[in-house]
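In our numbering, the protein residues as written are 26 to 149.
Structure below.
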């Protein structure tokens, strides 16, 4: 099974809503559509919440990992690691596709290394 990890975006809804409806950038919307495939799952990488399901209801926020302290990035990386470990085992994930870059990508990569993930990690 393939896991798509779609990065959040700065452009957000102004009211609480499902994570898939929170982010308004063209990149996010296009990649979310690409992730809607048979035999795949999709999680969103949020600078505030870590990895979240598209169906999770969330509040608007203003957090950018690229501008956050090293301590904060380390805390988010630990949250990502915990979520990935459970999700990969439960869903038998053998390939991960992500549009994440910079601190967001580094958090994913570090988390996968920490859990000894042996599948593929691809950029989309």
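Glycine residues also receive a C-beta, built at the ideal position from the N, C-alpha and C atoms.
Source: prediction; values computed, not measured.
Ordered list of beta strand (DSSP E) runs contained in the segment 80-127, each at least 3 residues: Counting only runs of 3 or more, we get 120-123.
contact_flag[the segment 43-55, the segment 77-86] where n(CB pairs < 8 Å) is 3 or more: Counting Cβ pairs under 8 Å, three or more are found: they touch.
Closest Cα partner of residue 86 within the set 98, 94, 72 and 26: Of the listed residues, the one whose Cα sits closest to residue 86 is 72.
Buried versus exposed call for residue 101 [16 or more other C-beta atoms within 10 Å across all chains shown]: With 16 or more other Cβ atoms inside 10 Å of its own Cβ, residue 101 counts as buried.
Selection from 32, 120 and 50 that minimises the alpha carbon distance to residue 129: Closest by alpha carbon: 32.
Expected contact under 8 Å - CB spacing of residue 70 and residue 109 to nearest Å: Residue 70 to residue 109, Cβ: 10 Å. No contact.
Alpha-carbon to alpha-carbon, residue 111 and residue 97: About 22 Å.
Secondary structure of residue 136, DSSP reduced to three states: Taken through DSSP and simplified to helix, strand or coil, residue 136 comes out as helix.
In DSSP terms, what residue 76 is bridged to: Looking at the DSSP assignment, residue 76 forms a beta bridge with 70.
Residue 32, enclosing beta strand (DSSP E) - first and last residue: Looking at the DSSP string, the run of the beta strand (DSSP E) that includes residue 32 is 27-32.
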